[in-house]
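The structure appears right after this line, and notes come after that.
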Amino acid sequence: MSCHVDSNAKIIGDFNTVAHSLSLGIDLGGTKIELIALDAGGQELLRRRVPTPQNDYAATVAAITALVRDAETGLQQSGTVGIGTPGAISPATGRIKNANSTCLIGQPLKEDLERALGRPIRLTNDANCLALSEAVDGAAAGAAVVFGVILGTGVGGGIVVNGQVLDGANAIAGEWGHSPLPYFQFAHAQADRTSTGQHPATGEALMHPWPSPRELDAAPACYCGKKGCIETWLSGRALAADHVRYGGEDLPTHEIAQLAQAGYGPCNATLMRYEERLARALASVINLLDPDVIVLGGGVSNISRLYDTVPKLWPRYVFSDRIDTKLVPPKYGDSSGVRGAARLWNKGN
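Residue numbers (our numbering): -14 to 334.
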């Protein structure tokens, strides 16, 4: 059911043609809703966070509305509003689809917020916001083609070309997390840990990174209803689960990375498997999209060794004798998504 909003609120008819110096961005996450206010030069004026109401769509709409109104009251001016969500708007229904925050699925979020705020808003998925933020003035500034990757609770992707978000005919451009993990030479795998040579960064023996039948059986089903999605192998949860699958302790992702850095063998082996899978998955993006820059976001992006080890694995899988694509962390860290949401009203988006 949609949120009940003020039926007397009206959308300002000429809002798209009015110049606004204030840009408000909202990052709608699973645990928090964050707002940022940027001036015309991209400088941060204000930031607010509130907990995301759990499994309550109406309360979520109310929380976003209150954040915007409070920010504009405090800054004594109104502005444009862009929102990054964990899903996308269906071209068929105008409602949210493909969201891992399931209370949003099937809801007219854009319509309800426009009615509540009395103006048009722009809404896209959080990975598009990451890519846009970093393409405008972040780690990929000036790059023609940018692929933004979320590696966190879920896995997503967004594409920006010449400073503009690419939505695609079906509003799923960049939905990389729900493609199957590539299984190169699957038929030739003799065992879960058959050696394939040495890791180019560490010099240690590589193990086959593709899933064995046992792994495929053990892999959790994706919330989308399929099995074997990239998200089920490359999310933070998937990294931790893979460590347990190979006999390790139940540890959070950041502890696995810390112990690997300290030389603890089982954790290092887990990261090596992860790096191989990430390299193969990103190689498929390079072969198809050929981006200038790939920016990693989300909690897993804080594992610094990925930026060195993963590109060294690409030559095994990319269909080119030279790879100029750069793999970089986000300049704005966890703030990239909310800044990108504020940028959705930039010219061309």
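Heads up, the beta-carbon is just placed ideally off N, CA and C, and yes, glycines get one too.
- Query: According to DSSP, is N113 helix, strand or coil?
  - Reply: helix
- Item | Segments of 3+ residues assigned as beta strand (DSSP E) that fall wholly inside the region 52 to 120 | 65 to 70 and 107 to 110
- Task: Could you check which residue in W330, R324 and P315 has the C-alpha nearest to that of E29?
- Result: R324
- Roughly how many angstroms lie between the CA atoms of A264 and H228, to the nearest whole one? 18 Å
- Same chain, Cβ closer than 7 Å to A44, five either side skipped, listed in chain order: P38
- Neighbour-count burial assignment, A176, 16 or more Cβ in a 10 Å radius: Its pLDDT being 35, under 50, A176 is placed unreliably in this model, and the value from its coordinates should be taken loosely. By the 10 Å Cβ count, A176 comes out exposed.
- May I ask which residues mark the beginning and end of the alpha helix (DSSP H) holding D227? G221 to R230
- Query: G142 bridges to which residues according to DSSP?
  - Reply: V134
- Tell me D12's beta-bridge partners as DSSP assigns them. E19 and G69
- Task: Report the residue from S164, L136, A47 and G141 whose alpha carbon sits nearest the alpha carbon of T109.
- Result: G141
- Cut-off 6 Å between Cβ atoms - residues of its own chain near G35, not counting five sequence neighbours on either side: Reading the sequence as shown, one finds Val at residue 35 and not Gly. Cβ neighbours of V35 beyond the five flanking positions: I18 and A48.
- Message: Give me the residue from E119, E99, N253 and G15 with the minimum Cα distance to G139.
- Response: G15
- Whose C-beta lies closer than 6 Å to the C-beta of H163 among residues of the same chain, with five residues either side of it excluded? C209 and C214
- Query: Are the beta-carbon atoms of V285 and I279 separated by less than 9 Å?
  - Reply: no
- Message: Taking the straight line between their C-alpha atoms, what separation do you get for W161 and S6?
- Response: 34 Å
- Among the residues of its own chain, which have a CB less than 7 Å from the CB of A158, if the five just before and after it don't count? I144, L151 and D152
- Task: Rounded to whole angstroms, what's the CA-CA distance from G26 to T50? Just pull it up for me.
- Result: 25 Å
- Query: So, are the CB atoms of P71 and A84 less than 9 Å apart?
  - Reply: yes
- Item | Beta-bridge pairing of I279 - partner residues as DSSP gives them | F132 and L312
- For the ligand GTP, any of its heavy atoms closer than 8 Å to the Cβ of I288? The ligand GTP is not part of this structure, which contains no ligands at all.
- Using 10 angstroms around the beta-carbon of D111, count the other beta-carbons present and answer buried if the total reaches 16, otherwise exposed. buried
- Query: Excluding the five sequence neighbours on either side, which residues of its own chain have a C-beta within less than 6 Å of the C-beta of A223, listed in chain order?
  - Reply: T217
- Would DSSP call R33 helix, strand or coil? strand
- Task: Quick one: grab the DSSP three-state call for P165.
- Result: strand
- Hey, would you say G10 sits closer than 9 Å to A254, going by beta carbons? no
- Item | Sub-9 Å separation of E119 and A129 beta-carbons | no
- Query: Would DSSP call C214 helix, strand or coil?
  - Reply: strand
- Whether L115 touches I68 by CB criterion (9 Å): no
- Length of the line joining the Cα atoms of R262 and K95: 36 Å
- Query: By Cβ distance below 8 Å, which residues in the same chain neighbour D275 in space, the five residues on each side in sequence not counted?
  - Reply: V130 and T310
- Message: Taking the straight line between their C-alpha atoms, what separation do you get for S63 and N331?
- Response: 16 Å
- Task: Report buried or exposed for N155, applying the criterion of at least 16 other Cβ atoms within 10 angstroms of its Cβ.
- Result: exposed
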